[in-house]
Amino acid sequence: MAQLATIFSTFTLGGIHPPDSKELSKDLPIETMPVPDVVSIPLNMQILTASPPVEAVVEKKAALTEGRLIGKPIHFLGVNIHSSVSGTVKSVETVSHHMLLRVPGVIVDVDRSAPEPSWAPRDWQSLSGAEMLSIIRDAGVVGMGGAGFPTHIKLSPPKNSPVDILLINAAECEPYLNCDYRLMLERPADLLDGTSMIMKVLGVEKAWIGIEDNKPLAVKALEEARTGRHDGIGLAVLKVKYPQGSEKQLIQAITGRVVPDGALPAAVGAVVQNVGTTIAVYEAVALGKPVYEKVLTVSGRGIARPANLKVRLGVTLRQIVDYLGGTTPDLAKVVLGGPMMGLNVSDFTIPVTKTFSGILFLTKSEAALDDFGPCIRCGRCISVCPMGLNPMEVSAYAEAGRYADTLAYGVRSCFECGCCAYMCPAKRPLVQFMKLSKLKNPIR
Amino acid sequence: MAESNTRSPGGEQKTAPPVLTVGISPHIHSGRTTAGIMWTVVLSLAPALAANIFFFGTRAAALLLVSVLSCVCIEAVCQKLFRRPIRVRDGSAVITGILLAMITPPSVPLYIMPLAALMAIFVVKELVGGLGFNVFNPALVGRAFLMACFPVAMTTAYVDPLSWLEAGSGAADAVSAATPLTLLKHGGMDAVLQHYGSGLRIYSSLALGLHPGSMGETPALLIALGGIFLLFRGIITWHAPAAMLVTVAVLTWIFGGESGLGSGDPLFHLLNGGLILGAFYMATDYVTSPSTPKGKLAFGLGVGLLTALIRLKGGYPEGVAYAILLMNALTPCFERWFAPKRFAEPLKAKA
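The listed protein sequences correspond, in order, to chains V and Y. FYI, the numbering for the first sequence is 1 to 444, going by the numbering used here. FYI, the numbering for the second sequence is 1001 to 1351, going by the numbering used here.
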């Protein structure tokens, strides 16, 4: 199957080209971090819900094996959570969480003498789409790129908007991050098989893996791994531009379809999944392995040794930092995710959840730390906004407390990619003004 | 809870833990700052200013110095008075000072410059909220104010370039000379030709700055080069300057001639007066001009239209300043009319 990748352009409106800083970790193979003595598994690893999504189904002193179910959904957006280690439940209490500060969780003492579980390949090609979907749900797969939306729900689009195309988001447009890139290099066949599985679940004939042209080795690896059973999967090579990995931008870049304002991708017949999620689907369907590990990039000039790590869920930042040799004295910011959209934290007791794609340790010289000044109306934020919004007017109204007036400038369409604030010469926190304006204008 | 695990190599001894910052995303920045932009603009004007100081001598240097110092000091005092952070180091008042000096005849009495600076910085800019909030271009209002208060100085204080060489140190006593546009206004193209000799000599004098005028009117070529430098550095876009220059060229070609439609001399008009300076440095002012490409095109078109109208039909020989000021007033409307194009239309509710 020597079908070459197809060259595409990119999304049309706005976008930026920040220095990608990927060189810090792009050539480092995925390394499995040894299991620590104790893990703190939060029972909240997904998109935020109004009420707790999951409750514990184990009690103190229960013996656990790796991959055993420990949390069941009690909210329709909840997903199963499995033990990432073999050992004994030390306590069922609250643990740190990167967004919610404290959430219910299970703390497990690791038993190093326990045998390694074996996840044997099975004949997944004879499974029906519906069977695969229930396996995916049981395995607790969520969007691994950071959003954490339950995958089984995303793969069950509403009947009134039929889906005809699957897009795999392999853009990894955030600077520093390389975990998807490494997965493509090291496990291209699994990614392609995972894509075939999702196609079967959705009942679509066509899938594109959208990948930026700064990853030629990954394109080559995927081309070489293609076999007869990957018919219908194309490689869409896109001109590098941030935020290519945003759903709406990726759909436009590859299919030319424009998702209407306020609608989901299914409105134009598309479903987007990222690389990590697709690999998780593969592991669930082909190996029967639930999600309890996560591949993430640990990078930045503030960590002694950058790495692409495969870690158990529930491993804390402190344990990762210790494993990688500590931080540097000029460390200034710790960011979960990429530097454009990632969440800034300062608590090293935070455990890894399913949505982590990277942990960045940024030094003073890397991180934007300055105070901001008045808007000079240069219009750079407008010209780089991929949604065609007007961040400078939003920021002016938000600063004046006139939040209702921000609606006219499309503040609700903002997905907080950060292009505006990255460019702003006055270093105004435009994303913050956008977020604030959205909060002050709740959708009823 | 700002803590971190810092280990000095080869030991358990811990140094002071780094202080962690928390803030909103994005966590990286392009590195291009307000001050960086402003000082690049200053840099781009340096060749033209150097040429002017050569042409008009210490008089021009003194004018520049007084103008810049007045603007910077008044801005600092205003910011102190209004309890705002002192931001004069961002270079924006320096640019106003430079531009103000460039649009004032070189041998005006120096004491009028602080007055113009007071108008530009205090009234036009700081009173309405400071950088980013002024409706009108401060330097241009400063000039309009001087035109109203000191009309004689503002229209006659032009000197021939290099006259300071001939007059020795008596540059201040230099005989006033008429700018090419004044010659054109009062004596038509014949008067200009008579003064300069031939058409070619007119163009070369204009391009190189060998004619009487304000500092911003003289070395058209060097000012244009500065503008092109700003274009390549991505500090300004082509929209407003191109629209403005093309409009003036077309209109002066059609209506500017003395022997019917289409007999005008667009090149003469392009190289003359403050058109180049206005196009690259004032019609592109972030604060007082529209921020979208279409808005900028419309703005440039409007400025070009008004400039040609004032030059050809108005009472003043030169109209760039008033044309830009009038369009400044329309900028808020342009921002509304030419709003950025959205990624997608809102989803229509199905009936």
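Just so you know, even glycine gets a beta-carbon here, dropped at the ideal spot from N, CA and C. Predicted model, so just to flag it, every value in this text is computed and none were measured.
Any C-beta of chain Y under 9 Å from that of residue i
i	result
V/Cys378	yes
V/Leu362	yes
V/Cys179	no
V/Ala50	no
V/Tyr397	no
V/Cys173	no
V/Ala404	no
V/Gly146	no
V/Lys333	yes
V/Pro157	no
V/Asp123	no
V/Ala367	yes
V/His82	no
V/Asn44	no
V/Leu389	yes
V/Gly410	yes
V/Ala426	yes
V/Glu451	Any property of residue 451 of chain V remains undetermined from this structure, which presents chain V solely from 1 to 444.
V/Pro36	no
V/Val95	no
V/Gly329	The displayed chain sequence assigns Pro, not Gly, to residue 329 of chain V. So, interface residue.
V/Met423	yes
Contact with chain V by residue i, beta-carbon distance below 9 Å
i	result
Y/Arg1342	yes
Y/Ser1044	no
Y/Phe1133	yes
Y/Ile1111	In the sequence under discussion, the amino acid at residue 1111 of chain Y is Tyr, which differs from the Ile named in the question. No, Y/Tyr1111 lies away from the interface with chain V (no Cβ there is under 9 Å from its Cβ).
Y/Ala1172	With a pLDDT of 47 at Y/Ala1172, under the threshold of 50, the modelled position of that residue is not reliable, and the figure given next carries that caveat. Cβ-Cβ to chain V under 9 Å: no for Y/Ala1172.
Y/Gly1130	yes
Y/Ala1339	yes
Y/Phe1335	For the sequence presented, residue 1335 of chain Y should be read as Glu rather than Phe. So, interface residue.
Y/Val1022	yes
Y/Ile1091	The amino acid occupying residue 1091 of chain Y in the given sequence is Gly; Ile does not appear at that position. No, its Cβ sits nowhere closer than 9 Å to a Cβ of chain V.
Y/Pro1212	no
Y/Arg1032	yes
Y/Thr1292	yes
Y/Val1019	yes
Y/Pro1138	no
Y/Glu1217	no
Integer-rounded CB distance, given that residue j should sit under 8 Å from residue i
i	j	result
V/Val89	V/Lys61	6 Å
V/Val311	V/Leu296	7 Å
V/Leu192	V/Arg226	6 Å
V/Val210	V/Ala267	The residue asked about is misnamed: residue 210 of chain V is Gly in this sequence, not Val. Not quite, the Cβ-Cβ distance comes to about 19 Å (not below 8 Å), so this is no contact.
V/Pro265	V/Glu247	5 Å
V/Ile376	Y/Thr1034	6 Å
Y/Thr1292	V/Leu369	Actually they do not touch by this definition, with Cβ atoms about 31 Å apart.
Y/Ala1048	Y/Ile1223	5 Å
V/Val431	Y/Ile1024	6 Å
V/Ile136	V/Leu155	7 Å
Cβ-Cβ distance between residue i and residue j below 9 Å
i	j	result
Y/Ser1289	Y/Ala1240	yes
V/Leu100	V/Leu48	yes
V/Lys299	V/Ile350	The amino acid at residue 299 of chain V is misidentified as Lys; the sequence shows Ser. Not a contact, by the Cβ cut-off of 9 Å.
V/Ile30	V/Arg182	yes
Y/Gly1262	Y/Glu1318	no
Y/Pro1138	Y/Val1124	yes
V/Leu445	V/Glu55	Since the first residue of chain V shown is 1 and the last is 444, residue 445 of chain V is not available in this structure.
V/Val334	V/Leu317	yes
V/Cys378	Y/Ile1095	no
Y/Ala1178	Y/Gly1256	no
V/Gly71	V/Leu177	no
Inset, instruction - Please specify which runs of the beta strand (DSSP E), each continuous and at least 3 residues long, are wholly inside the region 355-415 of chain V, giving them in chain order. - result: Entirely contained in the region 355-415 of chain V, the beta strand (DSSP E) runs reaching 3 residues are, in chain order, 358-363.
Legend entry - Chain-ordered residues of the region 226-256 of chain V with a beta carbon less than 9 Å from chain Y: Considering only beta carbons, the part of the region 226-256 of chain V lying closer than 9 Å to chain Y consists of Lys248, Gln249, Gln252, in chain order.
Legend entry - chain Y contacts from the region 428-441 of chain V (Cβ-Cβ distance under 7 Å): Result list: Pro429, Val431, Gln432.
Inset, instruction - Residues of the region 339-361 of chain V with a CB closer than 8 Å to any CB of chain Y: list them in chain order, please. - result: If the cut-off is 8 Å between Cβ atoms, the region 339-361 of chain V has Pro339, Met340, Met341, Gly342, Leu343, Asn344, Val345, Ser346, Asp347, Phe348, Leu360 near chain Y.
Legend entry - Within the region 290-314 of chain V, ranges of the beta strand (DSSP E) (whole runs, at least 3 residues): Entirely contained in the region 290-314 of chain V, the beta strand (DSSP E) runs reaching 3 residues are, in chain order, 293-299, 307-312.
Inset, instruction - Note down, one range per segment and in chain order, each alpha helix (DSSP H) of at least 4 residues found wholly within the region 236-285 of chain V. - result: Runs found: 247-255, 275-282.
Legend entry - Interfacial residues, the region 1258-1287 of chain Y to chain V, with Cβ spacing under 8 Å: Listed by position, the residues of the region 1258-1287 of chain Y near chain V (Cβ gap below 8 Å) are Tyr1286, Val1287.
Legend entry - Unbroken stretches of the alpha helix (DSSP H), 4 residues or longer, contained in the region 1053-1108 of chain Y: Within the region 1053-1108 of chain Y, the complete alpha helix (DSSP H) runs of at least 4 residues are 1092-1102.
Legend entry - Unbroken stretches of the alpha helix (DSSP H), 4 residues or longer, contained in the region 1319-1343 of chain Y: Assignment of alpha helix (DSSP H) within the region 1319-1343 of chain Y, counting only whole runs of 4 or more residues, yields 1320-1337 in chain order.
Inset, instruction - Note down, in chain order, all residues in the region 1223-1239 of chain Y with a beta-carbon under 7 Å from any beta-carbon belonging to chain V. - result: Those residues of the region 1223-1239 of chain Y that come within reach of chain V (Cβ to Cβ, closer than 7 Å) do not exist; the list is empty.
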